[in-house]
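Undergrad: Before I ask anything, let me first share the structure, which is written out below as C-alpha coordinates.
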Amino acid sequence: MKTRLTSVLYLGYTAMDRRFSNSMLPWLLREVRATGIRDKLSIVVEDGCLKAYNGNFEPVIIHRLVDILRASQVPGRPDELFYILLNEKEGLLQCFLFKTATVAEGIVNRFHSTSNGNLQR
100 MKTRLTSVLY
110 LGYTAMDRRF
120 SNSMLPWLLR
130 EVRATGIRDK
140 LSIVVEDGCL
150 KAYNGNFEPV
160 IIHRLVDILR
170 ASQVPGRPDE
180 LFYILLNEKE
190 GLLQCFLFKT
200 ATVAEGIVNR
210 FHSTSNGNLQ
220 R
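Sequential numbering of the sequence shown, starting at 100, is according to my numbering.
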(Lines of atoms letter the chains of each structure in order from A and count residues from 1; the text may use other names and numbers.)
(Lines give C-alpha, C1' and ligand atoms only; values in the text may rest on other atoms or scores of the structure.)
Protein backbone atom coordinates (compact mmCIF):
# COMPACT_ATOMS: atom_id res chain seq x y z
CA MET A 1 0.00 0.00 0.00
CA LYS A 2 1.33 3.40 -0.98
CA THR A 3 1.45 5.93 1.84
CA ARG A 4 0.09 9.41 1.27
CA LEU A 5 1.95 12.29 2.85
CA THR A 6 0.03 15.49 3.54
CA SER A 7 1.85 18.82 3.81
CA VAL A 8 0.96 20.73 6.96
CA LEU A 9 2.15 23.65 9.02
CA TYR A 10 2.89 22.50 12.56
CA LEU A 11 1.64 25.17 14.97
CA GLY A 12 2.86 23.56 18.18
CA TYR A 13 1.50 21.79 21.22
CA THR A 14 0.71 22.43 24.84
CA ALA A 15 0.22 20.35 27.96
CA MET A 16 -3.32 20.35 29.23
CA ASP A 17 -5.40 19.53 32.27
CA ARG A 18 -6.58 15.93 32.51
CA ARG A 19 -10.04 17.32 33.37
CA PHE A 20 -10.33 18.76 29.85
CA SER A 21 -13.78 19.81 28.64
CA ASN A 22 -14.93 21.14 25.25
CA SER A 23 -15.43 24.62 26.70
CA MET A 24 -11.66 24.78 27.31
CA LEU A 25 -10.81 24.10 23.64
CA PRO A 26 -10.76 27.71 22.30
CA TRP A 27 -8.49 28.85 25.13
CA LEU A 28 -6.22 25.85 24.65
CA LEU A 29 -5.88 26.37 20.88
CA ARG A 30 -5.15 30.10 21.39
CA GLU A 31 -2.33 29.08 23.72
CA VAL A 32 -0.85 26.76 21.08
CA ARG A 33 -1.10 29.40 18.32
CA ALA A 34 0.68 31.92 20.58
CA THR A 35 3.83 29.77 20.62
CA GLY A 36 4.83 31.21 17.24
CA ILE A 37 5.93 27.82 15.92
CA ARG A 38 5.41 27.49 12.17
CA ASP A 39 7.24 24.38 10.94
CA LYS A 40 6.54 22.85 7.54
CA LEU A 41 6.04 19.11 7.96
CA SER A 42 4.50 16.20 6.09
CA ILE A 43 2.24 13.85 8.03
CA VAL A 44 0.99 10.36 7.36
CA VAL A 45 -1.10 7.83 9.25
CA GLU A 46 0.47 4.38 8.84
CA ASP A 47 1.43 1.33 10.86
CA GLY A 48 -0.89 2.39 13.68
CA CYS A 49 0.92 5.72 14.14
CA LEU A 50 0.72 9.35 13.14
CA LYS A 51 4.13 10.28 11.77
CA ALA A 52 5.39 13.76 10.90
CA TYR A 53 8.50 14.29 8.80
CA ASN A 54 10.59 17.40 8.21
CA GLY A 55 11.90 18.53 4.80
CA ASN A 56 14.76 16.01 4.97
CA PHE A 57 12.24 13.20 5.55
CA GLU A 58 13.47 12.74 9.12
CA PRO A 59 10.73 11.77 11.58
CA VAL A 60 10.09 14.55 14.10
CA ILE A 61 6.81 13.28 15.59
CA ILE A 62 5.66 9.68 15.98
CA HIS A 63 2.53 9.07 18.05
CA ARG A 64 0.69 5.78 18.33
CA LEU A 65 -2.98 6.08 17.38
CA VAL A 66 -3.97 4.17 20.52
CA ASP A 67 -2.52 7.08 22.56
CA ILE A 68 -4.53 9.70 20.64
CA LEU A 69 -7.79 10.25 22.50
CA ARG A 70 -9.41 12.72 20.13
CA ALA A 71 -8.70 14.03 16.62
CA SER A 72 -10.81 16.63 14.88
CA GLN A 73 -10.98 19.72 12.74
CA VAL A 74 -10.95 22.92 14.76
CA PRO A 75 -14.53 24.26 15.00
CA GLY A 76 -14.86 27.23 12.64
CA ARG A 77 -11.45 26.61 11.07
CA PRO A 78 -11.75 23.73 8.58
CA ASP A 79 -8.09 24.03 7.59
CA GLU A 80 -6.86 23.24 11.12
CA LEU A 81 -6.52 19.85 12.76
CA PHE A 82 -5.88 19.12 16.42
CA TYR A 83 -5.46 15.96 18.38
CA ILE A 84 -5.20 15.16 22.06
CA LEU A 85 -2.48 12.72 23.07
CA LEU A 86 -2.23 10.80 26.32
CA ASN A 87 1.45 10.92 27.23
CA GLU A 88 1.63 8.03 29.70
CA LYS A 89 5.35 8.51 30.34
CA GLU A 90 4.80 12.04 31.65
CA GLY A 91 1.30 11.33 32.94
CA LEU A 92 -0.42 14.19 31.14
CA LEU A 93 -2.45 15.15 28.10
CA GLN A 94 -1.01 17.16 25.23
CA CYS A 95 -2.82 19.01 22.44
CA PHE A 96 -1.10 19.19 19.02
CA LEU A 97 -2.22 21.64 16.33
CA PHE A 98 -1.62 21.65 12.56
CA LYS A 99 -2.78 23.83 9.68
CA THR A 100 -3.35 22.45 6.18
CA ALA A 101 -3.54 24.13 2.79
CA THR A 102 -6.98 22.59 2.28
CA VAL A 103 -9.80 21.27 4.45
CA ALA A 104 -8.37 18.96 7.14
CA GLU A 105 -11.31 16.55 6.96
CA GLY A 106 -9.39 13.99 4.87
CA ILE A 107 -6.65 13.71 7.48
CA VAL A 108 -9.18 13.35 10.29
CA ASN A 109 -10.92 10.59 8.33
CA ARG A 110 -7.60 8.73 7.97
CA PHE A 111 -7.14 8.92 11.75
CA HIS A 112 -10.56 7.42 12.30
CA SER A 113 -10.36 4.77 9.58
CA THR A 114 -7.12 3.34 10.97
CA SER A 115 -7.79 3.66 14.70
CA ASN A 116 -10.36 0.85 14.96
CA GLY A 117 -12.97 3.22 16.34
CA ASN A 118 -10.95 4.26 19.41
CA LEU A 119 -10.90 7.97 18.57
CA GLN A 120 -13.43 10.59 19.53
CA ARG A 121 -14.31 13.36 17.06
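Don't be surprised by glycine CBs; every beta carbon is placed ideally from N, CA and C.
Remember, it's a predicted structure, so these values are computed and weren't measured experimentally.
#1: For E179, does the three-state DSSP call read helix, strand or coil?
#2: Label M123 either buried or exposed according to how many other C-beta atoms from any shown protein chain fall within 10 Å of its C-beta, with 16 as the threshold for buried.
#3: Using DSSP bridges, identify the partner residues of L191.
#4: So is L171 buried or exposed if we call it buried at 16+ other beta carbons inside 10 Å?
#5: At which residues does the beta strand (DSSP E) containing E145 begin and terminate?
#6: With DSSP collapsed to three states, give me the class of R132.
#7: For P125, name the three-state secondary structure that DSSP assigns.
#8: Pick from V131, E179, C194 and P177: whose alpha carbon is nearest that of L185?
#9: Please confirm whether G190 and L164 have their CB atoms less than 9 Å apart.
#10: Could you round the C-beta distance between L110 and L196 to whole angstroms and report it? I think they count as a contact, below 8 Å.
#11: Give the DSSP bridge partners of S106, in chain order.
#12: Can you name, in chain order, every residue of its own chain whose Cβ lies under 6 Å from the Cβ of S141, other than the five neighbours on each side?
TA: So, from the data block:
#1: Here residue 179 refers to the residue found at position 80 when the sequence shown is read from its first residue. Of the three classes helix, strand and coil, the one that applies to E179 here is strand, per DSSP.
#2: To locate residue 123, count along the sequence shown from 1; it is residue 24. Under this definition M123 is an exposed residue.
#3: In the sequence shown, the residue the question calls residue 191 occupies position 92. DSSP lists N186 as partners of L191.
#4: Stepping through the sequence shown from its first residue, residue 171 is reached at position 72. Sequence inspection shows Ser at residue 171; the Leu mentioned does not correspond to that position. Its Cβ being crowded by 16 or more others within 10 Å, S171 is buried.
#5: One-based indexing of the sequence shown puts residue 145 at position 46. Residues D138 to E145.
#6: Here the question's residue 132 lines up with position 33 in the sequence shown. In this structure, R132 counts as helix in the three-state DSSP scheme.
#7: By 1-based counting over the sequence shown, the position of residue 125 is 26. In the structure shown, P125 sits in a helix (DSSP, three-state: H, G or I).
#8: Here residue 185 refers to the residue found at position 86 when the sequence shown is read from its first residue. Measuring C-alpha to C-alpha distances from L185 to each of V131, E179, C194 and P177 identifies C194 as the nearest.
#9: Translated into the one-based positions of the sequence shown, residue 190 becomes position 91. Translated into the one-based positions of the sequence shown, residue 164 becomes position 65. No, they are not a contact pair.
#10: Taking the sequence shown and counting its residues from 1, the one referred to as residue 110 is at position 11. Taking the sequence shown and counting its residues from 1, the one referred to as residue 196 is at position 97. Going by Cβ atoms, the distance from L110 to L196 rounds to 4 Å, so yes, they are a contact pair.
#11: For the purposes of this step, residue 106 is taken as residue 7 along the sequence shown, with counting starting at 1. S106 pairs with S141.
#12: Residue 141 sits at position 42 when you count from the first residue of the sequence shown. Closer than 6 Å at the Cβ level, and outside the excluded window around S141, lie L104, S106 and Y152.
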